[in-house]
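**Q** Take a look at this one; I'll ask things after.
Residue numbers (my numbering): 9 to 157.
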């Protein structure tokens, strides 16, 4: 393994650990599983989706997804409405409360980044900014090329 790959792996390990530490505490505090928060994120990104979309995304059966989503409905985090195109289907959307919880979870996962930025001087920030621009572009290119496969 070359030095750049090794450094990138170490950075990503730190990012994951720092991002997940507070996120796990948050999910326990809110009494939500990672799958439930994952479902909230997926619904948010899709704006609205069906139960099978959630099951597919989380790698669980439609029955398990439906049961998990029932709890989110009872907690007032999502709403489930009949699909006008298919009465057997349901459309899931985030409620205001669900969106608030999701925004809190994102903020919690990102808090450490703001603290880290305070530790860097302007020259370090400038170097990191340039490197990140390259990484983001190459990652986007990589994602696009893999999407076509």
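Note that beta-carbon positions come from the ideal geometry of N, C-alpha and C, so glycine has one too.
(1) DSSP three-state call for residue 101: helix, strand or coil?
(2) Whether or not the segment 90-104 and the segment 122-139 are in contact is what I'm after, with contact meaning three or more pairs of Cβ atoms, one per stretch, closer than 8 Å; do they touch?
(3) Rounded to a whole number of angstroms, what is the C-alpha to C-alpha distance between residue 50 and residue 40?
(4) Is residue 86 helix, strand or coil by DSSP?
(5) Quick one: grab the DSSP three-state call for residue 129.
(6) Run the CB neighbour count on residue 144, radius 10 Å, all protein chains shown included, and call it buried at 16 or more, exposed below.
**A** Reading it off the structure:
(1) strand
(2) no
(3) 15 Å
(4) strand
(5) coil
(6) exposed
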